[in-house]
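With the UniProt record's numbering, letter number 171 in the sequence shown gets 171, and the count goes up by one each step, no holes.
Backbone N, C-alpha and C fix where the C-beta goes; we use that ideal spot for every residue, glycine too.
Below is one structure; the comments refer to it alone.
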Amino acid sequence: MLPRLHTIPQVSETALQYLNALQQQDFEGDIESGYAARLSLATDNSVYQQLPQAILFPKSLADIVRLTKLAQHPPFLALTFTPRGGGTGTNGQSLNNNIIVDLSRHMNQILEINPEERWVRVQSGVVKDQLNQYLQPFGLFFSPELSTSNRATIGGMINTDASGQGSLQYGKTSDHVLALKSVLINGDILESDAMPSQTLEQDETPLQPHAQRLHQAVYRCCKQNRDRILSELPQLNRFLTGYDLKNVFNHDLSQFNLSRILTGSEGSLAFICEAKLNLLPIPKYRTLINIKYNSFDAALRNAPLMLQAKALSVETVDSSVLNLAKQDIVWHSVSALLTEDNHDPILGLNIVEFAGHQEKAIENRVTALCKLLDERIAKRQDGIIGYQVCADLDSILKIYAMRKKAVGLLGNAKGTAKPIPFVEDTCVPPEHLADYISEFRALLDQHGLKYGMFGHVDAGVLHVRPALDLCDPQQVKLFKTISDQVVELTAKYGGLIWGEHGKGMRSYYGERFFGAALWQELRYIKGLFDPHNRLNPGKICTPPESDSGLYPITSSMRADFDRQIPLALREDYPGAMNCNGNGLCFNFDVHSTMCPSMKVSRDRTFSPKGRAALLREWLRLLSEQNITPAELDFHQPQQTKLTDLVEKVRNSWRHKQGEYDFSHEVKAAMDTCLACKACAAQCPIKIDVPAFRAQFNHFYHSRYLRPIKDYVVANVEYIAPLMAKAPRFFNFFTEANMTAYLAKKTIGMVDLPSLSHPSLQQQLVEIGYQGYSLEQLEKLNAAEKNRMLLIVQDPFTSYYDAKVVADFVALSQKLGFKPVVLPFKPNGKAQHIKGFLSRFAKTARNQADFLARLAKLEMPLVGVDPAIVLSYREEYPEILQQQNPFHVLTSHEWLLQQLDSENLQSAVLHQRHDNRTWYLFPHCTEATALPNSPKQWQTIFARFGQTLHSETVGCCGMAGTFGHETQHLAMSKSIYSLSWQQKLKKYDPQFCLATGYSCRSQVKRMEQWQLKHPLQALLSLFNQ
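Written out as structure tokens, the structure is:
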């Protein structure tokens, strides 16, 4: 039995008093001080970890004014604050051990748009892709690009002055910020936009006194140092100082805009709350040329040719990144766009984009470049081995999606050493990039490191992620050594070490690049806005009078905590330990499957990243109490003793009395996981939350009693077959109001499904199905076996949606096959979800042995429900610690295999089917684990003369029994309303299809009509 975990870092008394006082100040947002919430924001996309004192989630600008004004009261003057957005930074910009103010949860509204003048006003928490999705109907877009655009907030982009692909033409975020509304640490609201310099010279600004003093002081500082700023700072496209001393003025100094000082300031000067942004027309014509090389060096040295061709952007990717992409599901979408010869593999790639509003001009540039490339290929010059042109938007977006995801995939490298961001966005003049990279690679090779490289060669920006194991203290020293060496190398080439991703903990090197004089000017500006160093202290610089220093480059890291967990334990829980904080699970898109509970709650503890952080800390706290890896090995048999039961009762009673155990906070986060497994497929690191959640639940309930509903869910596969013998009798009680009331109050279950009536067996009799015994199957010859299929039952379709199974039998018969419905045996997925791992192991072993015997018959095993079928491929090998000697196909995989067989062709071709348009709503687990499945269904329907559109939808919110549990009912319905409800409204219900039993159940509950399975749609064609 595991111990209680109650020794955790506490919130300071001053911070607690502040939070209590804030609640009394009519603060409308959320206040979090629990350990789980603090841990969830203790990391970002960097190697660092800083535990906050508390987190505030303001709902409005007024909330920020409240919290800052309260902070001026004498008891709270020692408190400091750090603004935070999407938390996608790679240098710890938003991390601090103070009070975090997260503007992403609530302050995410698009406030105003003026399409004629081409500007939009937004709150800081708006996500970049969310904004562009909103702007698309207006033919406009916010142009600064970055790889984390589906979760990075506008406020974060402004604070880091973000830019990426296309920056030579589109510039950085600051180039598109027209005006800002911010709150200073003293509670004053600061509005900043462009104003004539003359008004500041003549003291004629209509500003409030404090705002006026700030404007005039910054104006004087930047004007007096203008010559030094232009001569001593590197003049690069990706020039970042933290406070943009150069661009506060326009080219002739006639305009001054204080907003330029705030862009790139990383929350160290003010809380940026609203922004007025410049917009550009969406290019009407876009063409991508993917140029393939036999080496990464060749790709780099060939980049100037692309620039001469007047391309919008040139992105480069090395073989390490490409090879990782090939191992991910993302590659299926681009493999046809990046074909390669086995004898001449792609070792470097330049992605060259042309975009604009003049079609002929784009065509001429593309044609000219392709002609040059053909000449070089013919002469075998420049290492070019081929190229492919993408002229359609869908293909272009797929290439960029691969490029974006490949960044995160670097973190999924094998072994304990992981490619990590810490010298990853250096910027040098583009003409020096190839030579610079040559020296950079030599530096890394000298240390024997592996690494991946990619970048924006048009802007001279290189992304390099050397692989280090920071759990090894010696490699932490190497981390510092390499950082120092890269600083010197970059300075040698006239560059900067932060060309794109901000400074954060790397502010440590600021004075090295800016020189003593300008460094003091930066400190002077910090002192104007934040004289007492209370906003994101330790970043960018400190006020002149401050004794505080900047964070060192080797500040507290995630690995410092992971190192305390035994290596064997880290290896047993890779799903939690390997999370690198890339935050793809924060994707704002409600039609993306990952992660539904986070999307609807906006609580980051309910995300794969949040849950991984909590489990890592749970393992660390257990390690502190000398729990060994063997004690956390769920494969070990457990003996239940009466004394253990007594102790569980006692522990559970204490829990109800309020006794603290960090395990309860972990449990609360795990309970909201829907086990959709989208994380296991879509996360670049393959963070499989359902897997480690099952392990956690297994051990949590060795100390605490389980609720009754867990036993009900775990035993449904055993109870349903018995109840199905008299479905009308049991349905009478299930559907009674009193039963529903008792189930809700005593078990915690709602909307219990009714058993199928007539039962599956009765329906099979009605369609004339005749079964086969095992002995009969064994006597069949090869030709007879070729026309057989063995249908593996699952408890949900067989007992609660039996018509689907019966219709599959009927369809396969009409296609010329002889189906055999195998005897039902429990699969155990529900046991796995609830963490009954010992029972699940036994169930899985029984079912595996049964299916292994049948596999020897050499007939296809086919299941109807994709979630159950996929459990044979994922959960079974894990629990049984071996690969399955059998393979169960989904129904569409089996149909696809038969498309070229004579029997199926004959059956289909001799039928005349009216062409209809159907709409497929894929099961979230199926769509992520089998990303080609929607297209494969489309292929199948096309062979039947039908048109099938596949909808991109998120989770339906049911997820097995999740939506039937009282505690999750509200969340389940909210998740359904995000995506499924919106998409279903557009279509005729009789032509809407869903592969998942859960999905059909949720729609039936919410809409009071029944979705068909695609198999049933195909069968209906034969009944016309």
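| Item | Value |
| --- | --- |
| Leu-861 burial status per 10 Å Cβ neighbour count (16 or more: buried) | buried |
| Cβ neighbour criterion (16 or more within 10 Å) applied to Ile-399 | buried |
| Euclidean distance between Cα positions of Leu-705 and His-698 | 11 Å |
| Beta bridge counterpart(s) of Cys-683 as assigned by DSSP | Paired residue(s): none; Cys-683 is not in a bridge. |
| Distance, Arg-226 Cα to Asn-364 Cα | 42 Å |
| Inter-stretch contact at 8 Å, needing at least 3 Cβ pairs: the segment 258-269 / the segment 410-428 | no |
| Gln-1016, enclosing beta strand (DSSP E) - first and last residue | Segment 1014-1022 is the alpha helix (DSSP H) holding Gln-1016; no beta strand (DSSP E) there. |
| Length of the line joining the Cα atoms of Val-713 and Thr-554 | 48 Å |
| Trp-980 classed as buried or exposed, judged by whether at least 16 other C-beta atoms fall within 10 angstroms | buried |
| CA-to-CA distance, Val-487 to Tyr-509, given in whole angstroms | 8 Å |
| Same chain only: Cβ atoms within 7 Å of Leu-811, ignoring 5 sequence neighbours per side | Leu-1015, Leu-1018 and Leu-1019 |
| Distance, Asp-603 Cα to Pro-684 Cα | 21 Å |
| Inter-stretch contact (C-beta, 8 Å, three-pair minimum) for the segment 126-136 and the segment 185-197 | no |
| Local Cβ density within 10 Å of Gly-996, reported as buried at 16 or more and exposed below that | buried |
| Endpoints, the beta strand (DSSP E) within which Arg-790 is located | The question names Arg, yet the displayed sequence has Leu at residue 790. Here the beta strand (DSSP E) through Leu-790 covers 788-792. |
| Residue burial classification, Leu-632 (beta-carbon count within 10 angstroms, cutoff 16) | buried |
| Ala-959 beta carbon less than 8 Å from that of Ala-740 | no |
| Integer Cβ distance of Ser-773 from Pro-727, believed to fall under 8 Å | No, Ser-773 and Pro-727 are not in contact; Cβ-Cβ is about 26 Å, not under 8 Å. |
| Neighbour-count burial assignment, Ser-556, 16 or more Cβ in a 10 Å radius | buried |
| From Gly-494, Lys-686 and Asp-900, residue whose alpha carbon lies closest to that of Ala-576 | Lys-686 |
| Trp-918 - partner residues in DSSP beta bridges | Leu-948 |
| Exposure of Glu-274, with buried meaning 16 or more beta-carbon neighbours within 10 Å | buried |
| Beta-carbon gap between Asn-91 and Gly-495 smaller than 8 Å | no |
| CB-CB length for Glu-717 against Ala-852, believed under 8 Å | Actually they do not touch by this definition, with Cβ atoms about 19 Å apart. |
| Backbone secondary structure at Val-1003 - three-state DSSP | helix |
| Distance, His-913 Cα to Phe-944 Cα | 7 Å |
| Cutoff 7 Å; reference Glu-735; Cβ partners in own chain excluding five residues on either side | Ser-754 |
| Beta carbon of Arg-845 nearer than 8 Å to that of Leu-870 | no |
| Proximity below 8 Å, CB of Met-859 to CB of Leu-789 | yes |
| Supposed close pair Leu-22, Leu-70 - CB separation, criterion 8 Å | 6 Å |
| Where Ile-385 falls, given that 16 or more other Cβ within 10 Å makes a residue buried | buried |
| 6 Å CB neighbourhood of His-757 in its chain, flanking five on each side removed | Pro-727 and Arg-728 |
| Residue from Asn-536, His-532, Lys-539 and Ala-559 whose Cα sits closest to the Cα of Ser-546 | His-532 |
| Segments of 4+ residues assigned as alpha helix (DSSP H) that fall wholly inside the segment 786-831 | 795-800 and 802-814 |
| Residue closest to Ser-592, alpha-carbon to alpha-carbon, out of Ala-516, Gln-308 and Lys-983 | Lys-983 |
| Range of the contiguous alpha helix (DSSP H) that encloses Phe-732 | 727-734 |
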